[in-house]
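In my numbering, the protein residues as written are 2 to 181. Inspection log for the structure reproduced underneath, given as structure tokens.
This is the structure:
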């Protein structure tokens, strides 16, 4: 179990194989099954093959010995924008393959910001600016359907280090929180 909770799931899978199908191994098997399902989902989303998840899942599921609840973490990216046509494409491009949905709340743009967001398939919201960032963010949160939310500004992009950290988080539904 310690390997599973320290982020070393591959070692935990090996240990589960040594433990066999004993009752106390069921909790570990369930946890690892959820982890491997999340890895498969991430692999599908990013288009990168994860051979370990594919090969190990059938073995680990046998040890779990019971049906699983739905597994997976849906990630929503939320942005508040106004006249961000110069920055928005670069930001939204960096989110491709990482987030499951993009929510853009426009606070009164007069440029192509809304059209750009829509071209990326963003869920759109509009909010009359009231000099209150928290109210605008809360409006985007009302639109978002993800389990987790990534707040990002239009002039920011996800760098590779952040993408890796987010991907490590998304395949560990048994962890309670993350600092990225």
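We put the CB at the ideal spot given by N, CA and C, even for glycine.
Check this for me: beta carbons of residue 92 and residue 155, under 7 angstroms apart or not? yes
For a quick check, are the C-beta atoms of residue 187 and residue 128 less than 7 angstroms apart? Outside the displayed range of the chain (2 to 181) lies residue 187, so it cannot be described from this structure.
Does the beta-carbon of residue 143 have 16 or more other beta-carbons within 10 angstroms, so that it is buried, or is it exposed? exposed
What residue range is occupied by the uninterrupted alpha helix (DSSP H) comprising residue 115? 114 to 120
Below 7 angstroms between beta carbons: does that hold for residue 146 and residue 98? no
When 108, 103, 132 and 135 are compared against residue 118, the one with the closest alpha-carbon: 103
Our contact map puts residue 172 next to residue 36 with C-beta atoms below 8 angstroms; I'd like the distance itself, whole angstroms only. The pair is a contact, with the Cβ atoms about 6 angstroms apart (cut-off 8 angstroms).
Separation of residue 84 from residue 113, as counted between CA atoms: CA-CA distance, residue 113 to residue 84, rounds to 7 angstroms.
Through-space distance from residue 30 to residue 96, alpha-carbon basis: Spanning the two alpha carbons is a distance of roughly 32 angstroms.
For a test of the three-state rule: what should DSSP assign to residue 136, helix, strand or coil? helix
So, under 8 angstroms CB-CB, residue 108 and residue 82 are touching, yes? Tell me the CB distance rounded to an integer number of Å. 7 angstroms
Just reading off the beta strand (DSSP E) that residue 103 is part of, what are its end residues? 102 to 107
If you count every other CB in all the chains shown that lies within 10 Å of the CB of residue 64, and 16 or more means buried, which is it? Only weak support exists for where residue 64 lies, its pLDDT of 47 falling under 50; the coordinates are left without a value.
Measuring only from the beta carbon, is residue 41 closer than 6 angstroms to any heavy atom that is part of the ligand MG? In terms of ligand content, the structure shown is empty, and the ligand MG therefore cannot be addressed.
In whole angstroms, what is the alpha-carbon distance linking residue 79 and residue 151? 6 angstroms
If you count every other CB in all the chains shown that lies within 10 Å of the CB of residue 40, and 16 or more means buried, which is it? So residue 40 ends up on the buried side.
Distance check for residue 130 and residue 115, CA to CA, integer angstroms please. 15 angstroms
Within the same chain, show all residues whose beta-carbon is closer than 8 angstroms to that of residue 100, passing over the 5 residues directly before and after it, in chain order. 76, 77, 78, 147 and 151
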